[in-house]
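Visitor: Sharing a structure with you now.
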Amino acid sequence: MQRIILHVDMDAFFASVEVMDNPSLSGKPLIIGALPGERGVVSTCSYEARKYGVHSAMNIKKAYQLCPSGIYMHPNYEKYKEISNKLHSIWCTYTDCLESIALDEAFLDITNNFKDFNEARKIAFEIKKRIKQELNLSCSVGLAYSKSAAKIASEEKKPDGYFEITSEKDFVNLIIDRDVRTLYSVGKMTAEKLKKYGIKTVRDVRKNSEKVIDILGKSGRFIVNLSSGIDERKVIPHEPKDAKSISREITFQQDVDNVTFLKDVLFLLSICVEKRAKRLGLYGNGVILKVTYADMKSITRSKNIPSSNDYLKIYVEAKKMLLKIKRGPVRLLGVGLYNLSEKYMEQLSFFDTLADNKVKSEGAKKRLLLAVAKKYGVNLLPYLDKTHLKGNLYETIEKMRSKL
Ligand SMILES: [Mg+2]
14 MQRIILHVDM
24 DAFFASVEVM
34 DNPSLSGKPL
44 IIGALPGERG
54 VVSTCSYEAR
64 KYGVHSAMNI
74 KKAYQLCPSG
84 IYMHPNYEKY
94 KEISNKLHSI
104 WCTYTDCLES
114 IALDEAFLDI
124 TNNFKDFNEA
134 RKIAFEIKKR
144 IKQELNLSCS
154 VGLAYSKSAA
164 KIASEEKKPD
174 GYFEITSEKD
184 FVNLIIDRDV
194 RTLYSVGKMT
204 AEKLKKYGIK
214 TVRDVRKNSE
224 KVIDILGKSG
234 RFIVNLSSGI
244 DERKVIPHEP
254 KDAKSISREI
264 TFQQDVDNVT
274 FLKDVLFLLS
284 ICVEKRAKRL
294 GLYGNGVILK
304 VTYADMKSIT
314 RSKNIPSSND
324 YLKIYVEAKK
334 MLLKIKRGPV
344 RLLGVGLYNL
354 SEKYMEQLSF
364 FDTLADNKVK
374 SEGAKKRLLL
384 AVAKKYGVNL
394 LPYLDKTHLK
404 GNLYETIEKM
414 RSKL
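Residue numbers (the numbering used here): 14 to 417.
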């Protein structure tokens with residue numbers, strides 16, 4: 014089956030976050046890593062600094078020689094992590110199949126969520142627009158049929174770029190005369206080895222495939238396949254053991270203080286949390302509610318619950334917490350499960366059997382979905398899908414909001 018993969022990569026991430034925090038840095042060569050005179054390397058630099066020849070992983074001493082007028086700063090990982098969490102919450106409104114590569118970079122497999130490349134292209138631009146609007150940051154997005162192709166596509170038009178590679182043929186045509194290191198997994202050492210045999214470009218790999226396999230063995234076969242555009246590697250969502258919580262949140266394009274609407278949004282978010290938890294085979298022992306008000310003040314509330322990953326349990330608890338907090342225009346609403354475990358912890362009372370709840374919960378879900386759909390004139394049937402987030406959660410909620 015044709016896969017649809019997005020690779021999203023923030024442009025000069027650390028530097029851009031610093032500029033966002035302190036706009037007087039805008040337009041200046043900014044180098045994040047270490048201060049001149051200290052030992053260290055450049056972790057990121059602004060595009061203005063790149064004009065001086067400075068790049069990531071360069072020694073600070075060398076950077077200073079090239080760009081003595083630059084502004085040098087230590088990285089502030091706490092700050093970047095916080096923004097990274099916000100990025101992830103935007104990305105995961107489109108798919109649960111999200112592989113995080115770095116704080117600022119991820120693969121999104123949206124094959125199960127969107128129909129074709131045309132729909133996917135709209136999503137790519139929507140993601141770019143939301144990151145700009147909600148975080149005032151720019152990113153580059155590659156749309157493609159494989160991870161390698163998506164990664165190369167996102168680099169193609171950096172910064173603030175978009176590019177797509179929808180077939181193996183297009184992939185090969187694009188990179189055939191590039192250095193072998195363009196191919197995923199080919200590093201400096203491998204490139205050196207191949208160079209001894211006169212193999213320098215992707216074209217050389219294609220012409221000498223037997224030789225490449227001779228020299229490199231199994232990894233040679235992988236590289237030969239890549240040179241023909243074949244890359245079957247899957248987008249691998251986070252391993253369950255890494256997960257501390259599973260949450261979904263949404264930033265509204267305009268602040269909302271309609272409690273009924275907020276409850277309806279909680280309902281949809283709870284369904285998404287349920288899907289994610291079920292796919293990972295995880296149960297939560299607590300429900301968390303997060304609200305950011307129009308003045309950017311955030312609050313979280315949490316409640317311990319008997320082991321569950323049922324949307325109804327999540328929704329009911331989150332709703333109770335929502336009704337207890339201060340009223341006011343809301344900018345962001347989120348809900349999640351925490352204290353995750355891979356085992357369902359039996360805590361059944363005489364009246365409260367699992368099977369009973371399951372039937373109740375599934376029936377209620379359909380009824381509630383149809384009621385909410387009717388109220389706002391939106392299609393919520395895709396949310397009935399048990400395992401995949403089908404449909405565009407962000408678009409759905411914005412459509413609902415526009416009906417207020
Ligand atoms: Mg980046």
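For every residue, glycine included, the Cβ atom is placed at its ideal position computed from N, Cα and C.
If you're wondering where the values come from, they're calculated on a predicted model, not measured in any experiment.
#1: Pull every residue with its beta-carbon under 6 angstroms away from any heavy atom of ligand 1, and keep them in chain order.
#2: Beta-carbon separation of K106 and N126 under 7 angstroms?
#3: When you compare only the Cα positions, how much space is there between L156 and F120?
#4: Is there at least one Cβ from chain D nearer than 7 angstroms to E31's Cβ?
#5: Would you mind working out which of K75, S37 and P395 sits nearest P49, comparing C-alpha positions?
#6: Between the Cα of Y328 and those of S260, L394 and K339, spot the shortest distance and give me the residue it belongs to.
#7: For the region 152-172 against the region 30-48, do three or more pairs of beta-carbon atoms, one drawn from each stretch, fall closer than 8 angstroms, so that the two count as touching?
#8: When the Cα atoms are used, what is the spatial distance from L19 to V30?
#9: Is the region 399-409 in contact with the region 284-297, if contact means three or more CB pairs nearer than 8 angstroms?
#10: Quick one: what does DSSP say T57 is sitting in, helix, strand or coil?
#11: Cutting at 6 angstroms between CB atoms, please list the residues of its own chain near M14, excluding the five before and the five after it.
#12: Let me check understanding here. Comparing Cα to Cα, which of I226, K399 and G349 lies closest to I301?
#13: Taking the alpha carbon of G299 as the reference point, which residue from L353, S56 and K99 has its own alpha carbon closest?
#14: Taking a contact to mean a Cβ-Cβ separation below 7 angstroms, would you say S69 touches V55 in this structure?
#15: Just how far apart, CA to CA, sit K416 and M309?
#16: In terms of residue numbering, what span does the beta strand (DSSP E) encompassing D3 cover?
#17: Identify every run of the alpha helix (DSSP H) within the region 19-68, keeping only runs that are complete inside it and at least 4 residues long; order them along the chain.
#18: State the DSSP-derived secondary structure class of D190, mapped to helix, strand or coil.
#19: Rounded to whole angstroms, what's the CA-CA distance from L394 to L381? Just pull it up for me.
#20: Is it true that the CB of I338 sits closer than 7 angstroms to the CB of E330?
#21: Would you mind working out which of S159, R344 and D22 sits nearest K141, comparing C-alpha positions?
#22: Taking the Cβ atom as the reference point for each residue, do P342 and D277 lie within a distance shorter than 7 angstroms?
#23: In three-state terms, what does DSSP make of T214?
#24: Going by CA-CA distance only, name the one from Y85, L275 and Y197 that's closest to N238.
#25: Classify E245 as buried or exposed, calling it buried when 16 or more other Cβ atoms lie within 10 Å of its own Cβ.
#26: Alpha carbon to alpha carbon, how far is S180 from P42?
#27: Decide if the region 168-177 is in contact with the region 135-152; the criterion is three or more beta carbon pairs, one per stretch, under 8 angstroms apart.
#28: If distances are taken between C-alpha atoms only, which option among S240, W104 and M86 comes closest to I212?
#29: How big is the Cα-Cα spacing for N322 and L293?
#30: So, using beta-carbon positions, are L402 and P250 closer together than 7 angstroms?
#31: Just checking my contact of I103 with I44 at CB under 8 angstroms: how many whole Å lie between their CB atoms?
#32: Would you grab the beta carbon distance between T305 and L345 for me? Rounded to a whole angstrom, and I think it's under 8 angstroms.
#33: Cα separation between V272 and L336?
#34: Using alpha carbons as the reference points, say which of M86, L207 and K182 lies closest to L229.
#35: My output table needs one value for M413: the three-state DSSP class, helix, strand or coil.
Guide: Let me spell this out:
#1: D22, M23, F26, D117 and E118
#2: As a working note, residue 106 is residue 93 in the sequence shown. As a working note, residue 126 is residue 113 in the sequence shown. In the sequence on display, residue 106 carries Thr and not Lys. Cβ distance not < 7 angstroms, so T106 and N126 don't count as in contact.
#3: Taking the first residue of the sequence shown as 1, we reach residue 156 at position 143. Taking the first residue of the sequence shown as 1, we reach residue 120 at position 107. The straight-line gap from Cα to Cα measures roughly 10 angstroms.
#4: No chain D appears in the structure shown, which is made up of a single protein chain.
#5: Counting from 1 along the sequence shown, the entry for residue 49 is found at position 36. It is K75.
#6: Within the sequence shown, numbered from 1, the residue matching residue 328 stands at position 315. For the residues S260, L394 and K339, the minimum Cα distance to Y328 belongs to S260.
#7: no
#8: As a first step, residue 19 must be located in the sequence shown, where it is residue number 6. As a first step, residue 30 must be located in the sequence shown, where it is residue number 17. Those two C-alpha atoms are separated by around 22 angstroms.
#9: Three or more Cβ pairs closer than 8 angstroms define a contact, and the region 399-409 meets that threshold against the region 284-297.
#10: Start at 1 with the first residue of the sequence shown, and residue 57 comes out as number 44. In this structure, T57 counts as strand in the three-state DSSP scheme.
#11: One-based indexing of the sequence shown puts residue 14 at position 1. Around M14: no qualifying Cβ.
#12: Counted from its first residue, the sequence shown places residue 301 at position 288. With distances taken between Cα atoms, I301 lies closest to G349.
#13: On the sequence shown, position 286 is the one that residue 299 refers to. Of the listed residues, the one whose Cα sits closest to G299 is L353.
#14: Taking the first residue of the sequence shown as position 1, residue 69 is located at position 56. Taking the first residue of the sequence shown as position 1, residue 55 is located at position 42. Yes. Within cutoff.
#15: Counting from one through the sequence shown, the residue named residue 416 turns up at place 403. Counting from one through the sequence shown, the residue named residue 309 turns up at place 296. Those two C-alpha atoms are separated by around 24 angstroms.
#16: What the structure shows of the chain is the stretch from 14 to 417, and residue 3 is not part of that stretch, so it cannot be assessed.
#17: 26-34 and 60-63
#18: As a working note, residue 190 is residue 177 in the sequence shown. In this structure, D190 counts as coil in the three-state DSSP scheme.
#19: Position 381 of the sequence shown, counted from the first residue, corresponds to residue 394. Position 368 of the sequence shown, counted from the first residue, corresponds to residue 381. One C-alpha to the other measures close to 11 angstroms.
#20: As a first step, residue 330 must be located in the sequence shown, where it is residue number 317. As a first step, residue 338 must be located in the sequence shown, where it is residue number 325. Not closer than 7 angstroms, so no.
#21: Numbered from 1 along the sequence shown, position 128 holds the residue referred to as residue 141. The shortest Cα separation from K141 among S159, R344 and D22 belongs to D22.
#22: One-based indexing of the sequence shown puts residue 342 at position 329. One-based indexing of the sequence shown puts residue 277 at position 264. In this structure, D277 does not lie closer than 7 angstroms to P342 by Cβ.
#23: Position 201 of the sequence shown, counted from the start, is the residue given in the question as residue 214. T214 falls in the strand class under three-state DSSP.
#24: Here residue 238 refers to the residue found at position 225 of the sequence shown. Closest by alpha carbon: Y197.
#25: Position 232 of the sequence shown holds residue 245. Exposed, because fewer than 16 other Cβ atoms sit within 10 Å of the Cβ of E245.
#26: One-based indexing of the sequence shown puts residue 180 at position 167. One-based indexing of the sequence shown puts residue 42 at position 29. Spanning the two alpha carbons is a distance of roughly 38 angstroms.
#27: yes
#28: For the purposes of this step, residue 212 is taken as the residue at position 199 of the sequence shown. Closest by alpha carbon: S240.
#29: To locate residue 322, count along the sequence shown from 1; it is residue 309. To locate residue 293, count along the sequence shown from 1; it is residue 280. Approximately 10 angstroms, taken between the alpha carbons.
#30: Numbered from its first residue, the sequence shown carries residue 402 at position 389. Numbered from its first residue, the sequence shown carries residue 250 at position 237. Contact flag unset, no.
#31: As a first step, residue 103 is located in the sequence shown; it is residue number 90 there, counting from the start. As a first step, residue 44 is located in the sequence shown; it is residue number 31 there, counting from the start. Contact flag wrong, Cβ pair sits at about 28 angstroms.
#32: In the sequence shown, the residue the question calls residue 305 occupies position 292. In the sequence shown, the residue the question calls residue 345 occupies position 332. Indeed they touch by this definition, with Cβ atoms about 4 angstroms apart.
#33: Sequence index remark: in the sequence shown, residue 272 carries index 259 (1-based). Sequence index remark: in the sequence shown, residue 336 carries index 323 (1-based). Rounded to the nearest angstrom, the two C-alpha atoms are 8 angstroms apart.
#34: Walking along the sequence shown from the start, residue 229 turns up at place 216. Residue L207 is the option with its Cα nearest to L229.
#35: Position 400 of the sequence shown holds residue 413. Of the three classes helix, strand and coil, the one that applies to M413 here is helix, per DSSP.
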